[in-house]
Structure formats: C-alpha cells, structure tokens
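Residue numbers (the working numbering), protein chains in the order written: chain A, 1 to 287; chain B, 1 to 251.
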C-alpha cells in the first residue's frame, strides 16, 4: 500500500515538473504557428528591416525596424542610467554601508521591485513626463528618454540584488590579500573585487536589461507610442512590447496585422531568450 | 636590532580576551616562530602587526606595538604605509584572479602613480627570481595565477609581497596546505629571505619551528609563556607548560 502511494506521489511530482516545460513548448509552438504566417505576406528581411509600420493601411506596410530601434533606444538609455547606479549601489551595500543602512537600503530596493509597473508608469506620466518636457523645451515629454529613466528604476532592483550577491561571493581572502599589500579600500574594490565578481556583475546587467526589454505597461504610457524611425532620444518612440499590447485588441483575428503582431512576439522571445542565455553563461562561468 | 616590540599588548574580541599582556621583541634579519595550540592567540598576535584585525568588528586593543620606533596601534597610523612595510602571507595561498604578471605588479600599481612598462617588467623578473619561480614561469606570465599549483601560488604570493619592498614578512601558517616537499622548499626560501627581511611565522607544526626559526615564542590561552632562542626553547624550556607542549603532552 505504502509503495503504491509512493509511486503515485512520485509520478504526480514528475507531471508537475514536466508541465512547465510542456507549457513553454506549447506557447512557443503557438507563437511560431501564428507568427510565421506573416512571412507569406512579407519577406523576413522586409519585416525586420522595413522602415514603415502601417498595419491597417491598404496594402499594409509591415516593417518593424522603427519598433526594434525604439526598443533598443529605450533599453540602451535605461542601461546607461541603471548600470552605473545599480552597480554602485551594490558596491555600497556589499562593502561600504554600515549594517543598519544596509538593511534599510535592501528593504528599499525590494520595495522598488514590488511596485507594479503600471503604477510606476502612472507616476512617470504625472511627474517625469512634464519634467522632461520643461527641461529640454520639447513639444511633448512623452519621449524615449522618459521611458529610459522609468525603466532604469525597474532594472535597478534586479541589477543591485544580483550584483550584491556576486560581490558577497568573492572570497574574503582576496580582499585580505589586497589590503595586506597596502591597498586602500577603494583600490581593493576596483582592482580585485570587481574583476573577481565580473561574471556575476555581467549576469546582473544582462538580467536587468532582460527585464527592461520585456517591460510593456510603463513604456506604453510614457514613450509617446509613435511608430516612426527614432532620430534622437528626445522624441516619441514605440517599442515592440507596446505595439503588441496596444494593437492586439483591435487586430482582426487571422488578418495580416494579427500575424504580424505574433511575429513581433517571436522577435521579442528570441531577444529575451538570448539575453537570458547569455546571463546564464556568465553566471555559471567558472574560473 | 629590535624591529618589533610589543609592550603589555592586550586584545579583546568583544568580551573575549584573546591576548593577555604580551611582551615580546622581534629581531631584524631573524626568523621568529610563534607556536602554540590552536586558539592560543598566535594568529591574532601576528595580525596585530599589520593591523589586519581592524577588519573584524568589535575588536579592542590596549598596550603598544612599536615598529621602527612608532606605536602602530596609534589611531593616527597610516595603514597603507604600515601594510606596505609589514607584509603578510596567508594560510591559504590567495593570488588574485588575475594573470601571474598582474599579481606581482599589483602592489607597484597601487602605490606608484605612473610606472613604466620596463620597470614593471623588471619588478616581475626580480621578484620571481627571489622566490625561485622565474625559470618555471617566465614564459607563462600572462596565464591566470589561479592555474598554478598550490606551492607555486604560495611562492607567487610571497613574490607579490616582496615586490612592494616590505621590511617585515608575516607568515600565517604558510605551509599548512602544502605537501612535505613543497614545505621544505618554501622553508628553504624563508632561510634565503631572512637576510633581507624580518620574518615572523606562525605555525602549529613544531618541527617546522625547530627547523626554520632562530627565535621561538610559545603561546597558550592568549599569553606568551616563553620567548627565546629556538635552540634553548626546544632543548631547555624554562616553563613547565612549554616543556609539556613541545614534548607533545597537549596541543
């Protein structure tokens, strides 16, 4: 009797384990099936590098280059802002902060991670967008820059917590060795701890960027959603994610527009997958 | 010549007193061994000399430690200058995860602002020759130091240290992770280095102390029980506790 029970439980756990893989597989298959149909209408090259996205004009123009560039521009901006601040924050928490400040900071960062992105987007719309508008004397504050700043806040918790772990896992003996040679605290951090933690730090950055690229709500609310080729970071742009979210509701099921949105999904999937795999490689790289 | 002198040195980790009124004098160009059972405070004493104990929270010291006529326990002591002068080799070899070359020039790079490539090359060659690694490693300088054998790593750590031209070498059980042959080669290296440096070695290995040192101090429960020439300590200890320890009654 006990054996039967054991057997059943074991198999149930096995099914739970396989279920997640199964669902991922299903999702991917569905995405491919719906998305690849778009290539009956446009060639992959025209799709990826076409400069016009007018999915409902006749004939539809389905070039997603403006969207790709929009996503990249916002992400790049967010990376430029969040990487130095995030890594700096991690260094401060791991190495410099006194115990009490450390606890407060860590709690604060967890809180930042817990804010729903729509709330952040909303706050950004009310505060950041007018600020950017006034600051640069722009006709509108709904720009790539606003999106970048907002997304930097979202990437920060990921970057800080993983980078901090990476710094903690640097063997104490490295630090002692450097200090014993007369290195200052900063020289020890800069010349020994950061290189020693480099793979973990890179993983932190990649995962932070992964978070940014997949983000939808906040960018949709504050980047202006203009599907045009971006020239500067002070213009409205539109990202891949926002395009899907904004247009899926109005696209007719089975239309070329509908298929194109799925194809955008595939592109996003590939980008996030590549970023996660790279992060994973860094995380598991052993000296 | 007295290089390091401790006067009434007391040290507490929180409430626990790890050093009880240690009075000692370490002579230049000699190897002094500090022996004693584990937990007796010998590593703690060693780490007072370059203030490595400062890294531990809740530590408190009293008394004086005079190196070259300066009390290094003074709060005004410049730790960078002190640690440049008083270098340390650790129990586990701890080369940085950098190349062999970068490990050796690390000290020069942090202490001097603009150094020419030539003078760095020269430092690498001289330091590696001093620890008898040059012939083995001269074609592998760009390789990661972590790829070396344990003995090579420990020698590299010694080379990295003498590259900053210290006066004093503190060695905290430098051979405890090495096999017997490597140990005897590192001991030989220590004998060669003593002409230029004041060496203090902490070891739980009495044979090693007897083989390599000129002076020996025996510590027990935070006290320095006996201090004198190694020969005398091992053949005619004055204190009963020293005798019990070196004859293997405890430890």
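Every residue gets a Cβ at the ideal spot worked out from N, C-alpha and C, and that includes glycine.
In or out: residue 101 (chain A) buried (at least 16 other Cβ within 10 Å) or exposed? Exposed is the call here.
Residue 16 (chain B), enclosing beta strand (DSSP E) - first and last residue: Counting along the chain, the unbroken beta strand (DSSP E) around residue 16 (chain B) starts and ends at 16 to 27.
Assigned secondary structure, residue 62 (chain B) (DSSP; H/G/I helix, E/B strand, else coil): Taken through DSSP and simplified to helix, strand or coil, residue 62 (chain B) comes out as strand.
Indicate whether at least one CB of chain B lies closer than 8 Å to the CB of residue 182 (chain A). Output row for residue 182 (chain A): interface = yes.
May I ask you to list the residues that DSSP assigns as paired with residue 165 (chain A)? Note: residue 165 (chain A) sits in no beta bridge, so no partner.
Residues in the region 88 to 104 of chain B having any Cβ partner in chain A nearer than 7 Å: Answer set for the region 88 to 104 of chain B: 88, 90, 92, 94, 96, 97 and 98.
Using the C-alpha atoms, what's the distance from residue 53 (chain B) back to residue 328 (chain A)? Only positions 1 to 287 of chain A appear in the structure, and residue 328 (chain A) is not among them; the question remains open.
So what does residue 200 (chain B) bridge to, in DSSP terms? Residue pairing for residue 200 (chain B): DSSP places it in a beta bridge opposite B:32 and B:170.
Going along the chain, which residues of the region 132 to 166 of chain B sit with their C-beta nearer than 8 Å to a C-beta in chain A? Listed in sequence order: 144, 146, 157, 160, 161 and 164.
Where the alpha helix (DSSP H) containing residue 217 (chain B) begins and where it ends: That residue, residue 217 (chain B), is in no alpha helix (DSSP H); its beta strand (DSSP E) goes 215 to 220.
How big is the Cα-Cα spacing for residue 15 (chain B) and residue 57 (chain B)? Taking the straight line from one Cα to the other gives about 12 Å.
Cα separation between residue 185 (chain A) and residue 188 (chain B)? Distance between the alpha carbons of residue 185 (chain A) and residue 188 (chain B) is about 34 Å.
Residues near residue 65 (chain A) in its chain [Cβ-Cβ closer than 8 Å; skip 5 each side]: Only 48, 49, 50, 51 and 229 meet the Cβ criterion.
Would you check if the distance between the CB atom of residue 28 (chain B) and the CB atom of residue 1 (chain B) is smaller than 8 Å? Yes, Cβ-Cβ distance for residue 28 (chain B) and residue 1 (chain B) is below 8 Å.
Which residues bound the beta strand (DSSP E) around residue 227 (chain B)? Under the DSSP assignment, residue 227 (chain B) falls in the beta strand (DSSP E) whose first and last residues are 223 to 229.
Do we get a CB-CB distance below 8 Å when we pair residue 195 (chain A) with the residues of chain B? Interface residue, yes.
I want to verify the contact list: residues of chain A whose CB lies under 7 Å from the CB of residue 233 (chain B), in sequence order. Those do not exist, as residue 233 (chain B) stays about 28 Å from chain A at its closest Cβ, beyond 7 Å.
Spell out whether any CB of chain A is found under 8 Å from the CB atom of residue 53 (chain B). Chain A, which has no Cβ nearer than 8 Å to the Cβ of residue 53 (chain B), makes this no.
For residue 116 (chain B), three-class secondary structure by DSSP: Three-state DSSP puts residue 116 (chain B) in coil, outside helix and strand.
For residue 238 (chain B), three-class secondary structure by DSSP: Residue state, collapsed to three classes: coil.
Under a Cβ-count criterion, where at least 16 other Cβ atoms within 10 Å of its own Cβ denotes burial, should residue 156 (chain A) be classed as buried or exposed? The residue is buried, with at least 16 neighbouring Cβ atoms inside 10 Å.
If you draw a straight line from the C-alpha of residue 158 (chain A) to the C-alpha of residue 95 (chain A), how long is it? A direct Cα-to-Cα measurement between residue 158 (chain A) and residue 95 (chain A) gives close to 18 Å.
Closer than 8 Å, CB to CB, is residue 69 (chain A) near chain B or not? Cβ-Cβ to chain B under 8 Å: no for residue 69 (chain A).
Short check: CB of residue 153 (chain B) to CB of residue 163 (chain B), under 8 Å? Taking 8 Å as the Cβ cut-off, residue 153 (chain B) and residue 163 (chain B) do not qualify as a contacting pair.
Under a Cβ-count criterion, where at least 16 other Cβ atoms within 10 Å of its own Cβ denotes burial, should residue 99 (chain A) be classed as buried or exposed? Exposed, because fewer than 16 other Cβ atoms sit within 10 Å of the Cβ of residue 99 (chain A).
Take the Cβ of residue 117 (chain B) as the centre, count every other Cβ of all protein chains shown within 10 Å, and call the residue buried at 16 or more, exposed below. With fewer than 16 other beta carbons inside 10 angstroms of its own, residue 117 (chain B) counts as exposed.
Beta-ladder partner(s) of residue 144 (chain B), from DSSP: Note: residue 144 (chain B) is bridge-paired with B:99 in the DSSP secondary-structure output.
In chain order, what residues of the same chain have a beta carbon less than 7 Å from the beta carbon of residue 136 (chain A), not counting five sequence neighbours either side? Cβ contact annotation for residue 136 (chain A) (same chain, cutoff 7 Å, sequence separation greater than five): 234, in chain order.
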